[in-house]
Amino acid sequence: MLEQPKVANLVRELRQLTALTQEELAAVLGVAYGTINRWENGRMQPSTLALKQIYAVLKEINQSTSQEVRERSHQLLTQYFAA
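One rule links them: number in this note's numbering = place in the sequence shown (from 1) + 6.
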């Protein structure tokens, strides 16, 4: 599992990349708003299932028509999920 500071950065960067609020990202991932807030502030770790959902969102974004968004999502996938 990712280290807590990395998870916080990943969630924040994903949210910024998608231009979603914490509430909107929570709805996409099927979690409560407070959960996103706790992840971003390093008070809680996402479950394995939540990390898989985050990965899926990044993969979906990677299909975006915007070259800049595709490149950034690819960077996040590589940085946080590369083995």
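Beta carbons are placed, not taken as given, at the ideal position from N, Cα and C, and that holds for glycine.
Original post:
Do Ser72 and Leu23 have their C-beta atoms within less than 8 Å of each other?
Top reply: no
Subject >> Enclosing alpha helix (DSSP H) for Gly48 [first to last residue] >> reply: Careful: Gly48 lies outside any alpha helix (DSSP H) and carries neither H nor E.
Original post:
Under a Cβ-count criterion, where at least 16 other Cβ atoms within 10 Å of its own Cβ denotes burial, should Ala38 be classed as buried or exposed?
Top reply: exposed
Subject >> Residue span of the alpha helix (DSSP H) that contains Gln73, given as start and end >> reply: 73-87
**OP:** Identify which residue in Arg44, Ile60, Arg49 has its Cα closest to the Cα of Gly36.
**Re:** Ile60
Original post:
Starting from Glu66 and walking both ways along the alpha helix (DSSP H), at which residues does that stretch end?
Top reply: 54-67
Original post:
If you draw a straight line from the alpha carbon of Glu46 to that of Glu29, how long is it in whole angstroms?
Top reply: 13 Å
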